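**Student:** Numbering (the numbering used here), first residue to last: 261 to 664.
Every residue, glycine too, gets a C-beta built ideally from N, C-alpha and C.
None of these values were measured; they are calculated from a predicted model.
Structure provided below as structure tokens; questions to follow.
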Amino acid sequence: MTEEKPGRASSLAILLLCQVLAMACWFASNASIAAIKAQQPLSPFFAALLTSSVQAGFVAGAFVSALLALPDRLDKRLLFRLSALVAAICTGAAALLPPVSPVAPVLRFVTGVSLAGVYPVGMAMAATWARGDLGLLIGLLVGALTLGSASPHLAAALGGLDWRAPILFASAGALLAASLAGFIGLGPNVARAPEFHWSNVLLGWRSVPLRLSNFGYFGHQWELYAMWAWIGAFVAASFRARYGDAPPLHPALATFFIVASGALGALLGGFFADRLGRTLVTSVAMAVSGLCSILIGFAFGGSATAVLAIGIVWGVSVIADSAQFSASTVELCEPSLRGAMLTAQTCIGFLLTLVSIHLMPYAVDWLGWRYAFAILAIGPFLGVWAMLTLRARPEAEAMAGGKR
261 MTEEKPGRAS SLAILLLCQV LAMACWFASN ASIAAIKAQQ PLSPFFAALL
311 TSSVQAGFVA GAFVSALLAL PDRLDKRLLF RLSALVAAIC TGAAALLPPV
361 SPVAPVLRFV TGVSLAGVYP VGMAMAATWA RGDLGLLIGL LVGALTLGSA
411 SPHLAAALGG LDWRAPILFA SAGALLAASL AGFIGLGPNV ARAPEFHWSN
461 VLLGWRSVPL RLSNFGYFGH QWELYAMWAW IGAFVAASFR ARYGDAPPLH
511 PALATFFIVA SGALGALLGG FFADRLGRTL VTSVAMAVSG LCSILIGFAF
561 GGSATAVLAI GIVWGVSVIA DSAQFSASTV ELCEPSLRGA MLTAQTCIGF
611 LLTLVSIHLM PYAVDWLGWR YAFAILAIGP FLGVWAMLTL RARPEAEAMA
661 GGKR
């Protein structure tokens with residue numbers, strides 16, 4: 261009797277659940293910042309470091325994984341399980357330390373390294389089930405990442421002033437993801453990824469279409485993670501300015517709604533990009549998100565309804581384009597370039613987030629919350645220019661089945 265293999269629907273469902281659970285580790289410490297501040301001083305630099313350490317770790321992990329071709333050398337499910345387990349251990353260990361311990365950023369860095377074996381590997385597993393709907397599948401994975409990133413804020417709202425609640429919640433989620441990942445089935449499109457070569461990075465950089473796609477992604481990254489990292493602090497400060505200690509909605513719960521709304525954006529972005537074109541969808545999404553980054557400051561100190569309305573539109577649009585940059589690069593690349601170009605795109609994009617995440621506290625000091633987020637608009641507006649320029653080039657016919 262042969263063992264029945266998991267089907268497409270069940271495998272993708274388990275994979276998406278595992279992504280949601282494991283990616284909760286990304287912003288676990290960030291969701292605890294408000295509760296930590298209620299108990300002891302926390303410098304803006306250290307608060308930013310708790311997030312940027314994960315970003316730096318992810319860059320290091322993605323680079324080493326690509327260089328050693330780990331997803332090809334190891335079973336993808338095994339790599340996913342081991343990575344989720346390490347993320348669970350490092351995240352849980354942070355709850356045993358003082359919140360401002362110098363060891364905390366180290367644990368966050370290792371967490372980022374391990375998440376490089378969760379998110380990209382999850383996309384690779386999802387791609388094995390693609391049937392002309394690669395944009396939608398990657399969009400689903402990005403949506404799972406978004407829900408996972410938002411979930412610690414929900415735990416923070418339910419946990420009150422216990423700063424450990426989001427951290428322990430995320431650790432438990434990653435542990436559950438590690439246990440479930442073995443049930444994920446791989447589809448028929450399993451293929452060895454192209455090897456990483458430095459020379460390929462240079463060749464890809466000389467390609468104008470690939471360069472424009474990368475510029476679009478870099479603009480997107482400049483905005484995305486800084487928004488996710490600091491929107492909670494903005495909401496808390498805004499509610500405090502308007503309502504004092506009695507807001508109509510817990511700030512962490514409002515932050516959860518804003519960030520989690522991006523899951524819908526990722527799904528819609530993937531659906532429409534496969535049908536209307538990647539350059540169109542990414543340009544519209546970045547134009548809307550860039551405008552929201554400017555407008556939301558004018559809602560500071562206003563009603564919770566106004567903050568939530570602009571925040572949710574921003575949450576949907578800021579992530580709607582994310583998956584489409586990876587899909588664009590795959591479609592524009594020669595197969596031999598894909599491994600190098602996706603690695604370079606990811607690493608440079610996440611390195612840029614280190615700058616914007618750490619710049620935000622200074623922007624708040626210089627400009628106040630009313631104008632601080634406006635500095636993030638630079639990225640998506642430059643990204644719109646890059647993607648519309650790409651749309652006008654004949655090479656864009658290779659994207660989304662000719663829909664550009």
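Classify residue 301 as buried or exposed, calling it buried when 16 or more other Cβ atoms lie within 10 Å of its own Cβ.
**Tutor:** As a position in the sequence shown, residue 301 is number 41, starting the count at 1. The residue is exposed, with fewer than 16 neighbouring Cβ atoms inside 10 Å.
**Student:** Could you tell me how far apart the beta carbons of residue 415 and residue 291 are, in whole angstroms, since I believe they sit closer than 8 Å?
**Tutor:** The residue labelled residue 415 in the question sits at position 155 within the sequence shown. The residue labelled residue 291 in the question sits at position 31 within the sequence shown. Contact holds; Cβ gap of about 7 Å.
**Student:** When the distance is taken between beta carbons, is residue 425 closer than 9 Å to residue 280?
**Tutor:** Position 20 of the sequence shown, counted from the start, is the residue given in the question as residue 280. Position 165 of the sequence shown, counted from the start, is the residue given in the question as residue 425. Going by C-beta atoms, residue 280 is not nearer than 9 Å to residue 425.
**Student:** Can you list, in chain order, the residues of its chain with a C-beta nearer than 6 Å to that of residue 373? Leave out the 5 residues immediately preceding and following it.
**Tutor:** Counting from one through the sequence shown, the residue named residue 373 turns up at place 113. Within the same chain, residue 373 has close Cβ partners 317, 320, 321.
**Student:** If the criterion is Cβ atoms closer than 9 Å, does the pair residue 465 and residue 604 meet it?
**Tutor:** Along the sequence shown, one-based indexing puts residue 465 at 205. Along the sequence shown, one-based indexing puts residue 604 at 344. Their beta carbons are under 9 Å apart, which means residue 465 touches residue 604 by this criterion.
**Student:** Quick check: the Cα distance between residue 578 and residue 486, rounded to an integer number of angstroms?
**Tutor:** Looking up residue 578 in the sequence shown gives position 318. Looking up residue 486 in the sequence shown gives position 226. Looking at the two C-alpha atoms, the distance is approximately 11 Å.
**Student:** Residue 359 lies in the alpha helix (DSSP H); which residues open and close that run?
**Tutor:** The residue given as residue 359 occupies position 99 in the sequence shown. Neither: residue 359 is in no alpha helix (DSSP H) and is coded neither H nor E.
**Student:** Measure the C-alpha to C-alpha separation of residue 538 and residue 361 and round it to an integer number of angstroms.
**Tutor:** Mapped onto the sequence shown, residue 538 falls at position 278. Mapped onto the sequence shown, residue 361 falls at position 101. Going by C-alpha positions, residue 538 is about 44 Å away from residue 361.
**Student:** Count the other C-beta atoms from every protein chain shown that fall within 10 angstroms of the C-beta of residue 519, then say buried if there are 16 or more, exposed otherwise.
**Tutor:** Your numbering for residue 519 matches position 259 in the sequence shown. That one is buried.
**Student:** Considering only their Cβ atoms, is the gap separating residue 398 from residue 530 smaller than 9 Å?
**Tutor:** Taking the first residue of the sequence shown as position 1, residue 530 is located at position 270. Taking the first residue of the sequence shown as position 1, residue 398 is located at position 138. In this structure, residue 398 lies closer than 9 Å to residue 530 by Cβ.
**Student:** Would you kindly report the start and end of the unbroken alpha helix (DSSP H) that includes residue 438?
**Tutor:** Counting from one through the sequence shown, the residue named residue 438 turns up at place 178. Residues 424 to 440.
**Student:** Give the range of the alpha helix (DSSP H) segment to which residue 628 is assigned.
**Tutor:** Here the question's residue 628 lines up with position 368 in the sequence shown. Careful: residue 628 lies outside any alpha helix (DSSP H) and carries neither H nor E.
**Student:** Looking only at its chain, what residues have a beta carbon closer than 7 Å to the beta carbon of residue 438, apart from the 5 residues adjacent to it on each side?
**Tutor:** For the purposes of this step, residue 438 is taken as residue 178 along the sequence shown, with counting starting at 1. Hits under 7 Å: 341, 344, 345, 348.
**Student:** Output the boundary residues of the alpha helix (DSSP H) element that contains residue 553.
**Tutor:** Along the sequence shown, read from residue 1 onward, the residue named residue 553 stands at position 293. Run containing residue 553: 538 to 555, per the alpha helix (DSSP H) assignment.
**Student:** In angstroms, rounded to a whole number, what distance separates the CA positions of residue 493 and residue 542?
**Tutor:** Within the sequence shown, numbered from 1, the residue matching residue 493 stands at position 233. Within the sequence shown, numbered from 1, the residue matching residue 542 stands at position 282. Looking at the backbone, the Cα of residue 493 and that of residue 542 are separated by about 27 Å.
**Student:** Report the residue from 614, 615, 633 whose alpha carbon sits nearest the alpha carbon of residue 623.
**Tutor:** Your numbering for residue 623 matches position 363 in the sequence shown. Taking each of 614, 615, 633 in turn and checking the Cα distance to residue 623, the smallest one comes out for 633.
**Student:** Between the beta-carbon of residue 502 and the beta-carbon of residue 442, is there less than 9 Å?
**Tutor:** Here the question's residue 502 lines up with position 242 in the sequence shown. Here the question's residue 442 lines up with position 182 in the sequence shown. Not in contact: residue 502 and residue 442 (Cβ atoms no closer than 9 Å).
**Student:** For residue 323, which residues from the same chain have a beta carbon less than 7 Å from its beta carbon, with the 5 sequence-adjacent residues on both sides left out?
**Tutor:** By 1-based counting over the sequence shown, the position of residue 323 is 63. The residues are 603, 607.
**Student:** Please name the residue in 310, 333, 338 whose C-alpha comes closest to that of residue 363.
**Tutor:** Taking the sequence shown and counting its residues from 1, one reaches residue 363 at position 103. Looking at the Cα atoms, 310 is the closest of the given residues.
**Student:** Smallest Cα separation from residue 384: which of 339, 369, 410?
**Tutor:** In the sequence shown, the residue the question calls residue 384 occupies position 124. The option with the nearest alpha carbon to residue 384 is 339.
**Student:** Going by CA-CA distance only, name the one from 381, 617, 483, 594 that's closest to residue 643.
**Tutor:** As a working note, residue 643 is residue 383 in the sequence shown. The candidate whose alpha carbon is nearest that of residue 643 is 483.
**Student:** Determine the contact status of residue 288 and residue 388, defining contact as a CB-CB distance below 9 Å.
**Tutor:** As a first step, residue 288 must be located in the sequence shown, where it is residue number 28. As a first step, residue 388 must be located in the sequence shown, where it is residue number 128. Not in contact: residue 288 and residue 388 (Cβ atoms no closer than 9 Å).
**Student:** According to the neighbour-count rule (16 or more other Cβ atoms, all chains shown, within 10 Å of its Cβ), is residue 576 buried or exposed?
**Tutor:** The residue given as residue 576 occupies position 316 in the sequence shown. Per the 10 Å Cβ criterion, buried.
**Student:** Quick check on DSSP: helix, strand or coil for residue 369?
**Tutor:** Translated into the one-based positions of the sequence shown, residue 369 becomes position 109. The answer is helix: DSSP assigns residue 369 an H, G or I state.
**Student:** Taking residue 313 as the reference, which of 618, 625, 656 has the closest Cα?
**Tutor:** As a working note, residue 313 is residue 53 in the sequence shown. The option with the nearest alpha carbon to residue 313 is 618.
**Student:** Please give the ranges of any alpha helix (DSSP H) in the region 291 to 328, keeping only runs that are unbroken, at least 4 residues long and fully inside the region.
**Tutor:** 293 to 299, 304 to 328
**Student:** What span of residues does the alpha helix (DSSP H) with residue 480 cover, start to end?
**Tutor:** As a position in the sequence shown, residue 480 is number 220, starting the count at 1. For residue 480, the enclosing alpha helix (DSSP H) covers residues 468 to 503.
**Student:** On the three-state DSSP scale, how would you describe residue 651?
**Tutor:** For this step, residue 651 is matched to residue 391 along the sequence shown. It is helical.
**Student:** Give me, in chain order, the residues of the same chain whose beta-carbon lies closer than 6 Å to that of residue 655; leave out the 5 immediate sequence neighbours on both sides.
**Tutor:** Against the sequence shown, residue 655 aligns to sequence position 395. Listed in chain order, the non-local C-beta contacts of residue 655 below 6 Å within the same chain comprise 469, local neighbours out to five positions each way being set aside.
**Student:** Could you check if residue 591 is buried or exposed, using at least 16 other CB atoms within 10 Å of its CB as the buried criterion?
**Tutor:** By one-based count along the sequence shown, residue 591 stands at place 331. Its Cβ being crowded by 16 or more others within 10 Å, residue 591 is buried.
**Student:** Does the distance from the CB of residue 331 to the CB of residue 381 come in under 9 Å?
**Tutor:** Walking along the sequence shown from the start, residue 331 turns up at place 71. Walking along the sequence shown from the start, residue 381 turns up at place 121. Yes; because the gap between Cβ atoms is below 9 Å, this pair is in contact.
**Student:** Is residue 472 near residue 646, with beta carbons less than 9 Å apart?
**Tutor:** Reading the sequence shown from its first residue, position 212 is the one you call residue 472. Reading the sequence shown from its first residue, position 386 is the one you call residue 646. Taking 9 Å as the Cβ cut-off, residue 472 and residue 646 qualify as a contacting pair.
**Student:** What does the Cβ neighbour count give for residue 412, buried or exposed, with the cut at 16 atoms within 10 Å?
**Tutor:** Taking the first residue of the sequence shown as position 1, residue 412 is located at position 152. Buried: at least 16 other Cβ atoms inside 10 Å.
**Student:** Please look up how many angstroms separate the CB atoms of residue 571 and residue 491, rounded, as I've assumed it's under 8 Å.
**Tutor:** Counting from 1 along the sequence shown, the entry for residue 571 is found at position 311. Counting from 1 along the sequence shown, the entry for residue 491 is found at position 231. Contact flag correct, Cβ pair sits at about 7 Å.
**Student:** What would DSSP say about residue 607, mapped onto helix, strand or coil?
**Tutor:** On the sequence shown, position 347 is the one that residue 607 refers to. Helix.
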